[in-house]
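S.K.: Got a structure for you, written out below as structure tokens; questions coming shortly.
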Amino acid sequence: LNAPVVAHISELNEVDATLVCVPLDAVMGVAKDLLQSRIPVVECARLHGEAFLAHKAEIHRAALHHKLPAVVGAGCDPGVFSLLRSHFALLAPGGHTETSRHSVPSLHHTLAATDIPGVRQALATESRSVEGRRQRYVYVELESSADVAAVTDAIVHDPLFLDEQTQVFPVHSLAALEAANHGVTFERRAAPGDPGHAAFLLEARYDEAWLAARMMLAAARALPFLQAGAYSLLDLPPGALWGEQRAAAEKEWI
111 LNAPVVAHIS
121 ELNEVDATLV
131 CVPLDAVMGV
141 AKDLLQSRIP
151 VVECARLHGE
161 AFLAHKAEIH
171 RAALHHKLPA
181 VVGAGCDPGV
191 FSLLRSHFAL
201 LAPGGHTETS
211 RHSVPSLHHT
221 LAATDIPGVR
231 QALATESRSV
241 EGRRQRYVYV
251 ELESSADVAA
261 VTDAIVHDPL
271 FLDEQTQVFP
281 VHSLAALEAA
291 NHGVTFERRA
301 APGDPGHAAF
311 LLEARYDEAW
321 LAARMMLAAA
331 RALPFLQAGA
341 YSLLDLPPGA
351 LWGEQRAAAE
361 KEWI
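Taking this note's numbering as reference, the numbering of the sequence shown is continuous, increasing by one, and the terminal residue is 364.
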């Protein structure tokens with residue numbers, strides 16, 4: 111990366127935005143100093159609920175005073191996961207969301223799944239839902255000729271797995287999965303009696319720092335479209351996160 115390294119940001123010229131990546135107790139002071147220096151801010155403080163709202167309000171006052179925009183909570187969580195949770199809730203209002211996190215080192219090999227025809231390799235991990243029921247997630251790397259539905263059915267109905275709710279996720283490479291350092295599963299279920307009976311499941315594997323950096327860069331692309339003040343990701347139009355690529359993104363994803 112051909113980028114200058116300086117002792118203080120004042121040594122740089124024409125800074126369009128800053129990504130604040132410092133410990134939580136230093137975020138507020140750094141953000142205020144940057145705003146005072148007339149530099150827009152994107153930060154990723156790990157705060158939720160009332161603590162996040164109070165943090166946002168204080169940065170909002172500073173941003174208004176200096177007539178600059180700032181985006182707060184634009185990391186991994188809050189950040190990426192906030193967007194996913196809120197969109198699931200929009201589609202299944204009044205329902206319930208379960209979040210299961212695991213570190214990839216918690217995955218272990220499972221011979222029961224590996225012995226199923228079409229399965230090249232398999233890894234599994236267990237967790238408990240908020241209601242306390244046991245859940246198992248099985249990741250399978252399949253042969254090219256494998257039938258995904260048949261493999262899934264065989265694993266779910268294997269006697270070894272019948273005592274737990276089991277989800278099966280085909281992956282291209284278990285080696286790549288093991289190289290990731292975090293995993294998460296979001297499940298959103300509609301409220302009882304909801305006529306749509308909606309249910310959404312998202313499974314993800316990721317490097318937390320890499321994911322947070324991607325989200326912060328997207329938030330920085332939105333800064334030129336914003337008035338003075340502090341914004342969370344839920345305040346931003348989705349298209350603004352694409353910046354100059356907005357038209358191309360709309361054409362591809364809509």
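Even glycine gets a Cβ: it sits at the ideal position worked out from N, Cα and C.
Kindly indicate the opening and closing residues of the alpha helix (DSSP H) around Glu124.
M.R.: Where Glu124 is concerned, there is no enclosing alpha helix (DSSP H), given that its DSSP letter is neither H nor E.
S.K.: Is there at least one Cβ from chain B nearer than 8 Å to His307's Cβ?
M.R.: Included in the structure is just one protein chain, with no chain B present.
S.K.: Please say whether Phe296 and Phe198 have beta carbons closer to each other than 8 Å?
M.R.: yes
S.K.: Excluding the 5 residues flanking Leu220 on each side, which residues of the same chain have their C-beta closer than 6 Å to its C-beta?
M.R.: The sequence shown places Thr at residue 220, rather than the Leu named in the question. Cβ within range, chain order: Ala232 and Ala234.
S.K.: Apart from the five residues just before and just after Ala340, which ones in its own chain have a Cβ nearer than 6 Å to its Cβ?
M.R.: Contacts found: Lys166, Ile169, His170, Ala173, Ala180 and Val182.
S.K.: Have a look at the DSSP bridge pairing and note the partners of Pro348.
M.R.: BP columns for Pro348 are empty, so no partner.
S.K.: Can you tell me whether Val258 is helix, strand or coil according to DSSP?
M.R.: helix
S.K.: Quick check: the Cα distance between Thr209 and Arg298, rounded to an integer number of angstroms?
M.R.: When rounded, the distance between both Cα atoms is 9 Å.
S.K.: Which residue or residues does DSSP assign as beta-bridge partners of His158?
M.R.: Paired residues: none, contrary to the question.
S.K.: May I ask you to report which of helix, strand or coil DSSP gives His170?
M.R.: helix
S.K.: Name the DSSP beta bridge partners of Val152, please?
M.R.: Beta-bridge analysis with DSSP links Val152 to Leu129 and Val181.
S.K.: Please confirm whether Gly159 and Met325 have their CB atoms less than 8 Å apart.
M.R.: no
S.K.: Compute the distance between the beta-carbons of Val229 and Val250, then report whether it is under 8 Å.
M.R.: yes
S.K.: Pick helix, strand or coil for Glu253, following the three-state DSSP scheme.
M.R.: coil
S.K.: Nearest-angstrom Cα distance between Ala256 and Asp225?
M.R.: 13 Å
S.K.: State the DSSP-derived secondary structure class of Arg315, mapped to helix, strand or coil.
M.R.: Three-state DSSP puts Arg315 in a strand.
S.K.: How many Å lie between Glu153 and Ala141 at the Cα?
M.R.: 8 Å
S.K.: Relative to the C-alpha of Leu145, which candidate in Val130, Gln337, Trp363 and His176 has its C-alpha closest?
M.R.: The shortest CA-to-CA distance from Leu145 to any of Val130, Gln337, Trp363 and His176 is the one to His176.
S.K.: Is DSSP giving Arg230 helix, strand or coil here?
M.R.: strand
S.K.: In three-state DSSP terms, what is Gly139?
M.R.: helix
S.K.: Is there contact here, the region 187-202 with the region 308-318, by at least three beta-carbon pairs under 8 Å?
M.R.: yes
S.K.: Closest to Gln275 by C-alpha separation, out of Ser283, Ala322, Thr262 and Gly205, would be which residue?
M.R.: Thr262
S.K.: Applying the 10 Å Cβ sphere with the 16-neighbour rule, what's the burial state of Leu365?
M.R.: A query on residue 365 cannot be resolved here, the shown segment of the chain reaching from 111 to 364 and no further.
S.K.: In the structure shown, what three-state DSSP assignment does Ala309 receive?
M.R.: strand
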